[in-house]
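Below is one structure; the comments refer to it alone.
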Amino acid sequence: MDNTTQPLLRAGMVGMGMIFDETYRPFFEAAYKDGMFSRETGDVEVLLAAVATRTGKRAEIYREKSKGIGHPFESFAGEDSVDQMLKSDLDFACVATPDNRHFEAAMKILEAGKHVLIEKPSVLSLDHLDQLTDMARKKNVLAKIVYHKLADPDHKKLRTLIVDDVLQHVNTGYCSLLEPKSISGGQFAEWITGRNPGTYVACHYIKLIDFTFGGRLKTITATGQRGLVGPADGPTWDSCQMRMIYEYESGREAAFDIHTSWVTPENFPGYVEQEVQFRFDNGIWNGHARKRGVEVTVEDLTPIKMPNSMNNHFNGTFIEPWGERSQRGYGIDIIEQFAREVAYVEFGSTGDRDSRLKQMTALDYNDVSADRQSVAAIAALEAILEHQAAGEPDCIVRVNDSNGGLALYKPGVSEPVVLYNKQV
Ligand SMILES: NC(=O)c1ccc[n+]([C@@H]2O[C@H](COP(=O)([O-])OP(=O)(O)OC[C@H]3O[C@@H](n4cnc5c(N)ncnc54)[C@H](O)[C@@H]3O)[C@@H](O)[C@H]2O)c1
């Protein structure tokens with residue numbers, strides 16, 4: 002093929018931490034090797050062209066490792082690394098900075114007229130979500146969020162059974178996700194202060210519930226425990242529990258509880274333990290990440306160096322039966338899918354760019370405009386925990402009541418704190 006005419010997507014990456022290594026890196030390496038093909042776009046070249054990090058150290062380590070298997074990228078470090086990166090010729094950029102630092106980088110990328118993919122949780126407030134949504138529309142680009150759990154085959158099956166009306170009307174659900182202590186104590190030490198495991202991982206289940214069952218979010222309550230990651234009266238949380246109430250078109254309701262922790266013992270069998278149950282009028286769905294998987298024991302390796310039970314579906318490393326080494330799974334597929342959506346907008350052969358952009362923006366599994374109820378739930382959780390840390394426990398957030406879009410009520414006080422004025 003004549004390379005001068007081959008469609009090319011040049012990508013930027015903000016943040017090169019754990020998740021870069023687990024999902025973005027394998028995607029970029031696979032795309033570097035094999036390109037990305039569809040009949041709509043032909044063979045599209047996708048290159049990791051530039052990265053922005055705080056210190057540049059991880060970028061240098063990866064530069065060495067990626068010789069021959071990745072494109073030689075430019076690396077920018079320091080306070081203005083994102084601005085510097087955006088001076089490069091890019092088509093899209095991914096944001097994988099800590100949970101509370103997505104907005105600034107994402108906004109800059111959109112302002113520069115590039116498509117953006119943002120790690121979950123997208124942003125922590127609806128005002129920020131509004132700004133991102135408006136800027137993406139103004140610049141005619143995509144702004145999307147990485148919700149890989151929606152691509153987990155188990156969750157796709159759950160949704161298929163709902164769409165096909167096999168499972169009818171959800172009444173209740175519980176989800177639990179437990180992370181080992183090393184996440185809060187080591188991995189995230191730089192940005193852990195003031196953070197909680199709910200915002201970090203409950204967001205996956207909030208989106209799963211919102212996307213799978215639809216309905217209108219009405220109420221959020223939450224609480225949490227402290228004393229391990231930080232002081233017992235401080236703003237940093239060991240574990241937290243939240244409840245969301247939804248109402249459906251029929252007028253009937255459902256309640257969902259989501260429990261999360263990042264202080265589980267390092268050697269617990271699940272490593273990352275994930276469990277869900279949803280109860281319907283006519284059925285029940287029980288999912289357990291470990292029960293679908295394998296349990297392996299190897300002397301001197303498990304459970305610390307190698308987990309006993311591995312999620313081989315998220316981003317497993319394999320030797321394929323045909324001899325090739327690979328790293329595959331739904332965590333990587335979801336990033337490739339975004340790149341395919343960008344390629345479709347830019348190089349597709351159906352209709353014109355505007356119509357293709359509209360079509361991709363309408364995909365509510367990952368577009369920022371469809372993240373309103375999820376961000377509302379996260380904003381409510383953040384506010385409830387903030388009030389609890391300030392000595393005001395047991396607050397409730399109501400969605401779209403007569404006082405505003407998100408109104409936080411303290412026990413015994415009738416006047417709410419309005420977190421967001423507009424309708425959610
Ligand atoms: N999709 C998933 O399964 C999944 C899993 C883990 C984490 N995440 C999300 O990905 C994000 C990153 O998580 P992680 O585990 O990679 O974190 P990490 O702490 O390992 O890495 C964070 C990276 O961001 C960089 N960084 C920090 N502040 C920055 C700034 N202001 N500008 C530029 N770079 C900056 C750091 O240099 C580091 O490279 C979080 O929002 C997290 O919730 C998603």
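The numbering used here applies: residue 2 is where the sequence shown begins, and numbers increase by one. Every residue gets a Cβ at the ideal spot worked out from N, C-alpha and C, and that includes glycine. Treat the numbers as computed from the prediction; the structure is a model and nothing was measured.
Asked, Found
"Under a three-way DSSP split, which group does A94 fall into?", "strand"
"Is the Cβ-Cβ distance between V418 and V400 less than 8 Å?", "no"
"Is Q7 buried or exposed, if buried means 16 or more other CB atoms sit within 10 Å of its CB?", "exposed"
"Determine the direct distance from the alpha carbon of V295 to that of P304, and round the result to whole angstroms.", "13 Å"
"The beta strand (DSSP E) that contains L280, what's its start and end?", "At residue 280 the sequence reads Arg, which differs from the Leu that was named. Taken as a continuous stretch (DSSP letters only), the beta strand (DSSP E) holding R280 covers 274 to 281."
"Hey, quick one: how far does the alpha helix (DSSP H) through D155 stretch, first residue to last?", "154 to 164"
"Determine the closest residue to A223 out of M14, K34, H388, with distance taken between C-alpha atoms.", "H388"
"Could you pull out every unbroken beta strand (DSSP E) segment of at least 3 residues lying fully inside the stretch 308 to 337, listed in chain order?", "317 to 320, 326 to 329"
"Is it true that the stretch 17 to 37 meets the stretch 324 to 337, where meeting means three or more beta-carbon pairs spaced less than 8 Å apart?", "yes"
"Name the two residues that bound the continuous alpha helix (DSSP H) containing P27.", "26 to 35"
"From this set, I397, A97, S183, which residue's C-alpha is nearest E23's C-alpha?", "A97"
"E274 and R291 - do their beta-carbons sit closer together than 8 Å?", "yes"
"Does the distance from the C-beta atom of C396 to that of I379 stay below 8 Å?", "no"
"For T237, which residues of its own chain have a beta-carbon under 8 Å away from its beta-carbon, when the five flanking residues on both sides are left out?", "I193, T194, G195, R196, N197, R227, V230, G231"
"Taking all protein chains shown into account, do 16 or more other C-beta atoms lie within 10 angstroms of the C-beta of D3, making it buried, or fewer, making it exposed?", "Caution is warranted here: a pLDDT of 48 is assigned to D3, below 50, making its placement in the model unreliable, and the coordinate value is therefore given only provisionally. Classification of D3: exposed, given that the 10 Å Cβ count is below 16."
"Could you give the distance in angstroms between the alpha-carbon of L91 and the alpha-carbon of Y63?", "20 Å"
"With 16 as the cutoff for other CB atoms within 10 Å, does F38 come out buried or exposed?", "exposed"
"Excluding the 5 residues preceding and the 5 following N1 in the sequence, name in chain order all residues of the same chain whose CB lies nearer than 7 Å to its CB.", "Here the chain covers residues 2 to 425 and nothing more, so residue 1 does not appear."
"From A12 to V47, what distance separates their C-alpha atoms?", "7 Å"
"Looking at the unbroken beta strand (DSSP E) that takes in C176, where does it start and where does it end?", "171 to 181"
"Does the Cβ of A53 lie closer than 7 Å to at least one heavy atom of ligand 1?", "yes"
"Under 8 Å by Cβ, that's how I've got F511 and Y366 pegged, so tell me the actual separation to the nearest angstrom.", "With the chain covering only 2 through 425, there is no way to say anything about residue 511."
"How about the stretch 144 to 155 and the stretch 234 to 253: do they share at least three Cβ pairs that are nearer than 8 Å?", "no"
"Entirely within the stretch 31 to 68 and at least 4 residues each: give me those alpha helix (DSSP H) ranges in chain order.", "58 to 66"
"Determine the DSSP secondary structure at T362, reduced to helix, strand or coil.", "helix"
"Bridge partners for Y249 per DSSP, in chain order?", "Bridge partners of Y249: none, in fact."
"What number of angstroms, rounded off, separates the C-alpha of R59 from the C-alpha of V83?", "16 Å"
"Can you tell which of K34, V147, E325, K139 has the C-alpha that lies nearest to the C-alpha of Y206?", "V147"
"For the alpha helix (DSSP H) containing Q374, name the first residue and the last one.", "373 to 390"
"Whole angstroms are fine: how far does the CA of D81 sit from the CA of D258?", "40 Å"
"Tell me whether Y201 counts as near ligand 1, meaning its Cβ is closer than 7 Å to at least one heavy atom of that ligand.", "yes"
"Can you find a C-beta in chain D that's less than 8 Å from the C-beta of C241?", "The chain inventory of the structure shown lacks chain D, comprising one protein chain alone."
"So, helix, strand or coil for N4, using DSSP?", "At N4, the pLDDT of 49 sits below 50, so the modelled position is not reliable; the number obtained from the coordinates is stated separately. Residue state, collapsed to three classes: helix."
"Is I221 closer than 8 Å to G174 when the C-beta atoms are compared?", "no"
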